[in-house]
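These notes concern the structure reproduced below.
In the numbering used here, the protein residues as written are 99 to 290.
So this is what it looks like as structure tokens:
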């Protein structure tokens, strides 16, 4: 079986876009740009998404968050904030992987499909060898997903022009981590 190419859309949810409980500057623009990409002849064999999907993640939520290890409540199951951004809500993803129900989870590789399959298993089952990653947030969930993809042996590229960072000052550190791990970077970060 020849290897296929997949796009992983990481956590482009209402709560991570402007107006959400943990809004990332540029999140809505990222959602619009990803939607435009998917509307055209994008060249991917598979397109999957990940979602933060919190029920009771313990100390991940805080009334006095440090925005490093603890955060305001976000992407809580049963709230509108857990849903994909409106620009992507009508897109036909091949699969959606939910993560973080009862603990902090940054990487899409910690998630499972509704049927209980892991992202790594799904990608392998579909013969994926090359992965492109986009979404929110460059310096947290995109980073963790990309590093785990590379660790799992996938050729991995982050489409940084289709990402937004929680802390833009951490972007250089994130890009260095990608380089050191063998994760390719394509495009220019927003605002650069």
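Using N, Cα and C, we set each Cβ at its ideal position, and we do this for glycine too.
- Message: Is it the case that the region 186-197 contacts the region 225-235, given that we only count it when at least three CB pairs across the two stretches are under 8 angstroms?
- Response: no
- Kindly list the residues whose CB is nearer than 6 angstroms to the CB of residue 160, restricted to its own chain and excluding five residues on each side of it in sequence; keep chain order. 168
- Query: Leaving out the 5 sequence neighbours to the left and right, which residues in its chain are closer than 8 angstroms to residue 265 when beta-carbon positions are compared?
  - Reply: 165 and 237
- Chain-order list of residues whose beta-carbon lies under 6 angstroms from that of residue 126 (same chain, five-residue window excluded): 115 and 116
- Query: Of the choices 193, 263 and 119, whose alpha-carbon is the least far from that of residue 146?
  - Reply: 193
- Three-pair Cβ contact test at 8 angstroms for the region 127-136 versus the region 150-160: no
- Query: Are residue 181 and residue 197 closer than 8 angstroms when you measure CB to CB?
  - Reply: no
- Message: In whole angstroms, give me the CA-to-CA distance for residue 257 and residue 285.
- Response: 6 angstroms
- Task: Find the nearest neighbour of residue 291 within the set 121, 205, 195 and 202, judged by alpha-carbon distance.
- Result: The chain is shown only over 99 to 290; residue 291 falls outside these bounds and no answer can be derived.
- Starting from residue 233, trace the alpha helix (DSSP H) both ways and give me its first and last residue. Counting along the chain, residue 233 falls outside any alpha helix (DSSP H), though it belongs to the beta strand (DSSP E) covering 226-234.
- Query: Buried or exposed: residue 162, going by 16 or more other Cβ atoms within 10 Å of its Cβ?
  - Reply: exposed
- Cβ-based burial, residue 290 [other Cβ within 10 Å; buried from 16]: Residue placement at residue 290 cannot be trusted, given a pLDDT of 47 that sits under 50; the coordinates are not used to answer.
- Per DSSP, what kind of secondary structure is residue 140 in: helix, strand or coil? coil
- Inter-residue spacing [alpha-carbon to alpha-carbon] between residue 107 and residue 267: 23 angstroms
- Taking only the alpha-carbon atoms, compute the straight-line gap between residue 255 and residue 102 and give it to the nearest angstrom. 14 angstroms
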